[in-house]
Structures are given as C-alpha cells and as structure tokens.
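Numbering (this note's numbering), first residue to last: 45 to 130.
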Amino acid sequence: MLLQRRPITSPILLVESANLHLAVGTMPLIPLPKEMIHQAPLILMGCYYTFHLTYSKCVATLLSVIQTEVLKDCINECDLTRSYKK
C-alpha cells in the first residue's frame with residue numbers, strides 16, 4: 045500500500061477503486077464508501093479544524109482561490125488565522 049512506502053504526516057484522502065480512506069502517517073484512520081466522495085473533502089477539512097492542523101502552503105492557496113474566485117467572498121481580517129498571516 046502507498047502508506048507503507050511513503051508515510052505522510054498530514055491527513056490525506058486516498059481514493060481506491062472500491063473505497064476512500066482518510067489516512068495519516070502509515071495508518072488509514074477512517075474507511076469511507078466511494079459514494080461519499082463529495083463529502084470526503086469536508087470530512088478532511090473537519091480533521092484539520094478539529095485538531096488545529098496547519099494546511100500546507102499549496103492547500104491554503106487553493107482554499108483562498110476557491111473562497112475568492114468561486115464563492116466570490118473576499119478575505120477579511122477575521123478570516124486570517126495566525127498560520128495564514130505568516
């Protein structure tokens with residue numbers, strides 16, 4: 045399995061032919077049915093929020109683009125967390 049060859053330190057979603065897995069390090073934490081592919085990113089974001097994890101720079105940039113360009117919402121001062129301001 046991918047996790048055994050390349051352990052990952054932040055939570056990720058692994059997509060397989062039959063299932064999805066929320067995984068951290070070398071351990072899959074939550075198996076999800078393939079039908080939940082649309083809810084899986086929200087579950088992943090919930091893990092970051094619940095455990096106060098910091099998004100990688102790439103993911104933070106992607107989320108800010110989604111917020112500003114797709115949702116047409118401007119980034120306000122109250123949106124900026126300590127990790128985002130760095």
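Backbone N, C-alpha and C define an ideal beta-carbon position, used for all residues, glycine too. Note that the coordinates shown come from a computational prediction; the quantities given were computed from them, not determined experimentally.
Query raised in the report: Is L73 helix, strand or coil by DSSP?
Result: Walking along the sequence shown from the start, residue 73 turns up at place 29. Note: L73 maps to strand in three-state DSSP.
Query raised in the report: Starting from A104 and walking both ways along the alpha helix (DSSP H), at which residues does that stretch end?
Result: For the purposes of this step, residue 104 is taken as the residue at position 60 of the sequence shown. From DSSP, the alpha helix (DSSP H) with A104 extends over K101 to V109.
Query raised in the report: Applying the criterion that 16 or more other CB atoms from any shown protein chain within 10 Å of the CB defines a buried residue, is H65 buried or exposed?
Result: As a first step, residue 65 must be located in the sequence shown, where it is residue number 21. Burial call: buried.
Query raised in the report: By how many angstroms is the C-alpha of L107 removed from the C-alpha of A62?
Result: The residue given as residue 62 occupies position 18 in the sequence shown. The residue given as residue 107 occupies position 63 in the sequence shown. Taking the CA atoms as reference points, A62 sits about 28 Å from L107.
Requested in this report: Tell me whether I119 sits in a helix, a strand or coil according to DSSP, three-state version.
Outcome: Locating residue 119 in the sequence shown gives position 75, counting from the first residue. Of the three classes helix, strand and coil, the one that applies to I119 here is coil, per DSSP.
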